[in-house]
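In the numbering used here, the protein residues as written are 24 to 215.
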């Protein structure tokens, strides 16, 4: 059997934005990378804008300086999609509340939860804390009263409150219309 020749794929792989992100993460300027690698600033700029493709030798040198693997430049991005209404229901203890997880179940870095709260809905009479370093509450519609041991905040649509998740707090709908909110927890409370 004769081997069948394959048509080359003319799709160009864009690596420039990943190289730029790696350089910026290292807090290096193009000038510094140029000095370290011996490659010109203009060449590096064109590579980062995907105007020029570097040689294998130049790419290996750049990756060494930027502390990344050459292969990482060609990996597909890790993107996970959760369609509207498809997130699993979760229970954070809210009364008269439907809570859905918007981030994938296995995501441990951050957790985003959408809560639709009926009129009179609340987080309980007692103050509680969660095992998150950062707790962010963003109000999509309605009004929410958030209570801490020594202060209260009333949030309306578009308002956002950020606080230490370990800080005891509770919340309740502040009017008779109900509310819709998004909670962001860092790190995630649970992942599977």
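C-beta atoms are modelled at their ideal positions from N, C-alpha and C, and glycine is treated no differently. Values in this document were obtained by computation on a predicted structure and should not be read as measured data.
Nearest neighbour of residue 156, chosen from 105, 139 and 208 [CA to CA]: 208
How long is the line joining the alpha carbons of residue 105 and residue 158, rounded to whole angstroms? 21 Å
Sequence-distant residues of its chain with Cβ nearer than 6 Å to residue 171 (five each side left out): Hits under 6 Å: 192.
Straight-line Cα distance separating residue 194 from residue 184: 12 Å
Classify residue 77: buried if its beta carbon has 16 or more other beta carbons within 10 angstroms, exposed otherwise. buried
Can we say the stretch 165–179 touches the stretch 120–131, given the rule of at least three CB pairs closer than 8 Å? Under the three-pair Cβ rule at 8 Å, the stretch 165–179 does not count as touching the stretch 120–131.
Here's the rule: buried if 16 or more other CB atoms are within 10 angstroms of the residue's CB, otherwise exposed. What is residue 245? Since the first residue of the chain shown is 24 and the last is 215, residue 245 is not available in this structure.
Which whole-angstrom value describes the C-beta separation of residue 168 and residue 203, a residue pair presumed to lie in contact below a C-beta threshold of 8 Å? Not really, about 15 Å apart at Cβ, beyond 8 Å.
May I have the straight-line CA-CA distance separating residue 210 from residue 131, to the nearest angstrom? 6 Å
Between which two residues does the beta strand (DSSP E) containing residue 141 stretch? 134–145
Assign residue 74 to buried or exposed, taking buried as 16 or more other Cβ atoms, counted over all protein chains shown, within 10 Å of its Cβ. exposed
Tell me whether the beta-carbon of residue 123 lies closer than 9 Å to the beta-carbon of residue 146. Contact: no.
Apply the 10 Å Cβ neighbour rule to residue 150 and answer buried if 16 or more other Cβ atoms are within range, or exposed otherwise. exposed
Under the rule that 16 or more other beta-carbon atoms within 10 Å means buried, what is residue 71, buried or exposed? That one is buried.
Nearest to residue 83 by alpha carbon, out of 99, 62 and 68? 62
How would you call residue 79, buried or exposed, if buried means at least 16 neighbouring beta carbons within 10 angstroms? exposed
Indicate the three-state DSSP secondary structure (helix, strand or coil) for residue 66 in the structure shown. helix
Report all residues from its chain with a CB closer than 6 Å to the CB of residue 180; omit the five preceding and five following residues, and keep chain order. 162 and 164
Contact belief for residue 144 with residue 182 at Cβ below 8 Å, rounded distance in angstroms: Not really, about 17 Å apart at Cβ, beyond 8 Å.
With DSSP run on the structure shown, which of helix, strand or coil describes residue 193? Note: residue 193 maps to strand in three-state DSSP.
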